[in-house]
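All remarks here apply to the structure that follows.
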Amino acid sequence: MIRNELLSIMTACILSVLMIVPISNAYGHGLGLDTIKSVDVNGKKITITTEIIPMDFTENKEKKIIIRSIDSQTNQNTNNTTLLIGLYHEGKMIFRNYFFAADGIINIKVSPTTNGSTTITGEKDNLLGAWYETDSKPIELTGPVFSSGGLYHFEIEIRTIDKPTNIVENLGIQVTDITIPTNQKFNEKTEDGEDVMFGIKSYYDKISNFDYDSNSNIVSFEMPFDWSEQNILHVPVVHEEVHFPKKFSNFFVPSYTGKVNGIDLFKSSITIDDYSDENERIIHFILSQDNLKFLKQVQQKAGVDKLENMKFTLEASYNVVFPMVAMTKNEEIQVDLSWDPTIIEPGKDTKFIFTFRNAKTGETLRNTSYDFIIIQNEKQIYEKSGNARVGGDYADYKFSEGQSGHTQIRFEKLKGTDMSTEFGLMVVPEFGSIVFVIFTIAMSSILIIRRNSSVFRI
């Protein structure tokens, strides 16, 4: 009786804390777009946008580069604009040429080839030898370029504006960087000598020196990065994904710790994603601009004279971090889930504690009706329907001796709609807690994604 009273008090305390403290996370994804803001040209404020489409090089073969020049004050394209554009990838120059656009928009059709030299075709003007397109003859870049993703570096100078002969000088070089996602695979060995395939999807630049240390259960890899203040102010987020098979149990653990150049990352910088791929777990490294500034400061205080690259490490951890968080597919409702005891074993009472939130604001959702369902081996073994009047509620269940292994916790009919989300956990048999694994999945949800938030918490 005393134990039950203490458990009730503890449950009430946990519910209070979960309903008071909102959880905010943000994903940032590399996009094939970057913008130079407010270049002063004879009193005009000019914005230049560079774009590479499609963003993912695996979509199709043909690519396009689009550069737009806009008068920020009128929000109209500039007229008769000539730009000197240099494009670089992996330290090599793809081209550096003049381009002219009567309407402020430069379109460059890109046709990648496997070999040969890089050439540009189109029409050329007589003033600066700038390439320009006509209705019958587009500007076309042909050669062994754009064969892979990574960081594409543009250096741009404005040379004419308003009139084709109105040459402007000494405006300096403006820089944009476009990142195209890269996918790289690495075959590593487990501690038993078996093969396991890891993958890295980078939304910033290509990675190198990938390694999985089976003894320490640590993944490490390196990526080029410019730690200058100018570059950091230009980078809104660095996003890296580590992929590996869910069946690789040694690395399929409740949580992970991450480091960059030996510096511990914020907890919110490491996110587990079991929703996006049925067979793979994805671990997201999400480094905001503030994270990058912090990492630079720590390195400088440590006396690192020359800051070079980013070395990522991802270490497996058996620490369970509550609450587990998942969202409905439309990102309208967020569900926070905890349970006690942390290790779920057959024959012992388990209390599941959950809170419903507005996924955009983090505020608790009062009067949320729900169906709480426990599933094992694709069969429903328990169901409770309820209404969380204050935004949170709980459910008690005791697993029988035969009910161990992978278990799904599903929330359905949220607020009387078809919205749902799902978690996963492992019920371990007695004496099996040393190898227990807890993991979160979202069959009908997007895990810890808050696109409209940029809050990163420790």
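The sequence shown begins at 1 in the working numbering and counts up one residue at a time. We treat Cβ as the ideally placed atom computed from N, Cα and C, and that holds for glycine.
When DSSP reads this structure, Y152 sits in a beta bridge with H89, I178. Straight-line measurement puts the Cα of T342 at about 37 Å from the Cα of Q297.
When rounded, the separation of the alpha-carbon atoms in D177 and L151 is 7 Å. The alpha helix (DSSP H) runs of length 4 or more contained entirely in the stretch 192-252 are, from start to end of the chain, 229-232. The DSSP-derived three-state label of N77 is strand.
A contact is defined here as three or more CB-CB pairs under 8 Å, and the stretch 358-369 meets this definition with respect to the stretch 383-390. A distance below 6 Å between beta-carbons, with the five flanking residues on each side excluded, links I108 to the following residues of its chain, in chain order: I65, I139, L141.
Within the stretch 369-426, the complete beta strand (DSSP E) runs of at least 3 residues fall at 379-388, 392-398, 405-412. Residue state for L127 is assigned as coil, using DSSP reduced to three classes. Per the DSSP secondary-structure output, Q289 pairs with nothing in a beta bridge. Pairing N250 with E90, the inter-Cα distance amounts to about 35 Å. Here L233 is exposed, its C-beta having fewer than 16 other C-beta atoms within 10 Å.
Contact check for S38 and T50: beta-carbon distance about 16 Å, past the 8 Å limit, so the pair fails to qualify. In this structure N75 does not touch A102 by the C-beta definition: roughly 18 Å separates them, more than the 8 Å allowed. In the three-state reduction of the DSSP assignment, F99 falls in the strand class. Going by C-alpha positions, I333 is about 17 Å away from D273. Annotation for F354: the continuous beta strand (DSSP E) segment containing it runs 349-358. One thing to note: I180 has its Cβ no nearer than 9 Å to the Cβ of V242.
Our two residues, L292 and G262, have alpha carbons roughly 14 Å apart in a direct line. As DSSP reads the structure, T35 sits in a beta bridge with T49. Between the alpha carbons of L84 and Q73 lies a gap of roughly 23 Å. Distance from A130 to K137 at the Cβ level is roughly 14 Å; contact not present, criterion being Cβ atoms closer than 8 Å. DSSP, reduced to helix, strand and coil, places S269 within a helical segment of the structure shown. As computed with DSSP, I106 is found in a beta bridge with I67. Under DSSP, N183 forms a beta bridge with K201. For a cut-off of 8 Å, the C-beta gap from F100 to T82 is around 5 Å, short enough to register as a contact. In this structure the stretch 403-415 touches the stretch 371-383; the number of beta carbon pairs closer than 8 Å is three or more. DSSP places M327 inside the beta strand (DSSP E), whose first and last residues are 324-327.
In the DSSP assignment, the residues bridged to M310 are M223. Listed as beta-bridge partners of E140 by DSSP are K109, T121.
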